[in-house]
Amino acid sequence: MTEIPIKDVTYEDFCLMLGTIYPRTIFPNDETSEKLLEMADRFLIPAVTNIVEQQLLYNSQMQNEKLIRLADQYQMKMLLNKSTWKVDSLEKVKELIKTLEYEKL
């Protein structure tokens, strides 16, 4: 069988992505979530995005600003809804606008 090179992805990162869906699920965490979302988007594997979204919804300690950016960037509607509801005052909106994550939106 011919080997197909995959550029700009480490072996470890690719195995991490595949490990979230096959053979037994390896659950993502805050440290691996962004890389997994990036690769799931690149390789068109929505199952990985769904697993990461569940982790971010229920187990994440990430700053809300980063969650909003990731939810927007990777079209995670449930996470975007939950995260934007936390911005519930004018003061929080002003704080959000000042963050680096907001600039990335």
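Reading the sequence shown from the start, the letters are residues 1 to 105 in full-length UniProt numbering.
The beta-carbon is built from N, C-alpha and C at its ideal position, and this holds for glycine as well.
May I ask which residues mark the beginning and end of the alpha helix (DSSP H) holding ILE97? As a working note, residue 97 is residue 97 in the sequence shown. For ILE97, the enclosing alpha helix (DSSP H) begins and ends at 90-97.
Does the segment 35-48 come close enough to the segment 57-68 to have 3 or more Cβ pairs within less than 8 Å? At 8 Å Cβ cutoff, the stretches do not touch.
Hey, THR49 and MET76 are a contact pair by Cβ (cut 8 Å); roughly how many whole angstroms apart? Here residue 49 is taken as the residue at index 49 of the sequence shown, counted from 1. Here residue 76 is taken as the residue at index 76 of the sequence shown, counted from 1. So it is a contact: roughly 7 Å between Cβ atoms.
Proximity to ALA47 [Cα-Cα], best of PRO28, ASP88 and LYS86: The residue labelled residue 47 in the question sits at position 47 within the sequence shown. Checking every option, the nearest Cα to that of ALA47 belongs to PRO28.
How far does the alpha helix (DSSP H) with MET76 in it extend, from its first residue to its last? Here the question's residue 76 lines up with position 76 in the sequence shown. Counting along the chain, MET76 falls outside any alpha helix (DSSP H), and DSSP gives it neither H nor E.
Applying the 10 Å Cβ sphere with the 16-neighbour rule, what's the burial state of ASN64? Residue mapping note: residue 64 aligns to position 64 of the sequence shown, counting from 1. ASN64 is buried by the Cβ-count criterion.
Beta-carbon proximity list for THR101, same chain, < 8 Å, skipping 5 on both sides: Working through the sequence shown from its first residue, we reach residue 101 at position 101. With the sequence shown as reference, residue 101 is identified as Glu, and Thr is not the correct amino acid for it. Within the same chain, GLU101 has close Cβ partners GLN63, GLU65, LYS66, ILE68 and ARG69.
How big is the Cα-Cα spacing for ASP72 and THR20? For the purposes of this step, residue 72 is identified with residue 72 of the sequence shown, where counting begins at 1. For the purposes of this step, residue 20 is identified with residue 20 of the sequence shown, where counting begins at 1. The C-alpha of ASP72 lies about 22 Å from the C-alpha of THR20.
ASP88 to ASP41 span [Cα, whole Å]: Locating residue 88 in the sequence shown gives position 88, where the first residue counts as 1. Locating residue 41 in the sequence shown gives position 41, where the first residue counts as 1. Looking at the two C-alpha atoms, the distance is approximately 30 Å.
Helix, strand or coil at THR62 according to DSSP, with G and I counted as helix: Stepping through the sequence shown from its first residue, residue 62 is reached at position 62. It should be pointed out that residue 62 corresponds to Met in this sequence rather than to Thr. Coil.
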